[in-house]
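Oh and the sequence shown: position 273 is 273 in the working numbering, straight run, nothing missing. Ideal placement from N, C-alpha and C gives every residue a C-beta, glycine not left out. For clarity, every value in this text was computed on a predicted model and none was experimentally measured.
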Amino acid sequence: MSQTTFQGSFVALVTPFREGRVDEAKLRELVEFHVTHGTDGLIPCGTTGESPTLSHDEHKQVVEIVVEAARRRIPVIAGTGSNSTAEAIDLTRHAERAGAAGALVVNPYYNKPTQEGLYRHFRAVAEASTLPILVYNIQGRTAVNIETDTMARLARDAQNIVGVKEASGSLDQMSQVILACGPDFSVLSGDDNITLPLLVIGGRGVISVIANIVPRETSEMVHAALDGDWKRARELHYKLFPLARAAFLETNPIPIKEAMAMVGMLEPEFRLPMCRMGDANRQKLRAILESYGLVK
Numbered sequence: 001m002s003q004t005t006f007q008g009s010f011v012a013l014v015t016p017f018r019e020g021r022v023d024e025a026k027l028r029e030l031v032e033f034h035v036t037h038g039t040d041g042l043i044p045c046g047t048t049g050e051s052p053t054l055s056h057d058e059h060k061q062v063v064e065i066v067v068e069a070a071r072r073r074i075p076v077i078a079g080t081g082s083n084s085t086a087e088a089i090d091l092t093r094h095a096e097r098a099g100a101a102g103a104l105v106v107n108p109y110y111n112k113p114t115q116e117g118l119y120r121h122f123r124a125v126a127e128a129s130t131l132p133i134l135v136y137n138i139q140g141r142t143a144v145n146i147e148t149d150t151m152a153r154l155a156r157d158a159q160n161i162v163g164v165k166e167a168s169g170s171l172d173q174m175s176q177v178i179l180a181c182g183p184d185f186s187v188l189s190g191d192d193n194i195t196l197p198l199l200v201i202g203g204r205g206v207i208s209v210i211a212n213i214v215p216r217e218t219s220e221m222v223h224a225a226l227d228g229d230w231k232r233a234r235e236l237h238y239k240l241f242p243l244a245r246a247a248f249l250e251t252n253p254i255p256i257k258e259a260m261a262m263v264g265m266l267e268p269e270f271r272l273p274m275c276r277m278g279d280a281n282r283q284k285l286r287a288i289l290e291s292y293g294l295v296k
């Protein structure tokens with residue numbers, strides 16, 4: 001298959017719930033919102049989508065709904081990772097059948113595999129499907145970091161591993177990956193607060209949490225940087241920066257869902273062990289949203 005380059009502003013889509021179930025109508029509404037507000041691609045069933053508490057049936061249902069609602073107007077890259085390689089393969093094959101444009105596959109969490117184990121895991125998932133695959137490297141949630149040598153091996157040995165969502169927070173590591181994996185490998189930011197610094201060193205975009213609520217501004221910042229308009233990109237970076245930090249006042253996706261509820265986009269409903277935000281943090285969040293004119 002031809003090399004797919006994922007670049008731009010992708011949203012790590014929340015999963016709306018109502019009375020304990022996936023709110024299908026609301027999910028379709030959110031897809032429409034992103035299609036019409038400049039988002040370059042949709043990522044359902046990631047961390048922000050509360051994938052750990054979705055049943056397998058719900059996970060597949062969410063991917064199908066998002067693909068169907070997007071109607072190929074913008075690509076859908078389905079979160080299909082698991083700490084079980086067989087399960088990740090099953091979810092990735094399902095995403096391919098459903099019509100997704102790619103898959104986002106997280107480090108196997110909890111098992112703490114070696115670098116060799118990580119390499120074999122991602123290679124097995126890649127070989128089980130023809131979908132372009134983005135590796136999702138997030139040590140803070142998985143207890144393992146994919147070392148640059150391992151990433152370079154994967155980029156070399158699996159032609160459909162086309163990029164990485166880097167949530168290491170380390171620009172040093174991102175520079176190493178860009179250097180080791182070459183210019184066609186898409187390095188995307190997994191942290192809104194360092195999207196611009198990553199774009200400066202050759203990253204291709206972001207898989208964004210705050211784009212759930214400010215999709216147009218997030219997309220504008222990324223595209224300004226990709227076009228070399230650093231002045232505009234920097235203005236938008238500093239405009240979005242307080243919101244990017246507020247999105248992590250508590251564990252993601254608690255703050256972004258609370259923010260969306262405050263502006264009337266969805267119900268502030270979570271699945272345990274995720275729960276409502278503490279009062280003090282909720283007040284801080286509301287003050288930030290007020291400063292953006294998002295809530296009265």
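Spatial distance of residue i from residue j (CA atoms)
i    : j    : result
A300 : F6   : For the chain, the structure presents residues 1 to 296; residue 300 sits outside this window and is missing.
L298 : E220 : There is no way to answer for residue 298, as the model of the chain reaches only from 1 to 296.
A305 : L104 : The structure shown does not extend to residue 305, since the chain is modelled only from 1 through 296, so no value can be given for it.
Y302 : T53  : Residue 302 is absent from the structure shown; the chain starts at 1 and stops at 296.
I89  : A128 : 6 Å
G41  : M174 : 22 Å
T15  : E147 : 31 Å
V206 : L91  : 23 Å
L196 : H237 : 7 Å
N160 : Q115 : 19 Å
M274 : P132 : 31 Å
L272 : R282 : 19 Å
D279 : E96  : 42 Å
S84  : Y109 : 9 Å
K60  : R21  : 14 Å
A124 : R93  : 12 Å
L240 : A100 : 29 Å
N212 : E32  : 12 Å
L198 : D192 : 10 Å
T80  : A98  : 12 Å
T218 : L27  : 20 Å
V144 : S82  : 14 Å
K296 : E24  : 28 Å
Buried versus exposed, by CB contacts within 10 Å (16 or more), residue i
i    : result
E258 : buried
V263 : exposed
S168 : buried
S2   : Bear in mind that the predicted position of S2 carries a pLDDT of just 39, short of 50, making it too unreliable to give a figure here.
P75  : buried
G49  : buried
P113 : buried
A287 : exposed
T130 : exposed
H56  : exposed
T251 : exposed
E19  : exposed
T36  : exposed
A225 : buried
G203 : buried
For residue j and residue i, believed in contact at Cβ under 8 Å, the rounded distance
i    : j    : result
H34  : V11  : 6 Å
H223 : G8   : 7 Å
Y136 : V106 : 4 Å
P255 : L285 : 6 Å
I210 : A233 : In fact, because the Cβ distance is near 15 Å, the residues do not count as touching under 8 Å.
A86  : A126 : About 14 Å separates the two Cβ atoms, so there is no contact after all.
G38  : P215 : 6 Å
Which parts of the region 22-100 are runs of the beta strand (DSSP E), unbroken and 3 residues or longer, counting only runs that do not cross its ends? 41-43 and 77-79
Starting from the N-terminal side, write out each stretch of the alpha helix (DSSP H) that is 4 residues or longer and does not extend beyond the region 129-195. 139-142, 148-157 and 171-181
Validate contact between the region 64-71 and the region 113-131 using beta carbons, cut 8 Å, 3 pairs: no
Do the region 159-168 and the region 128-141 touch if we need at least three Cβ pairs shorter than 8 Å? yes
Does the count of Cβ pairs from the region 147-157 and the region 177-197 closer than 8 Å reach three? yes
Could you tell me which whole alpha helix (DSSP H) segments of length 4 or greater appear in the region 207-253? 215-226 and 230-246
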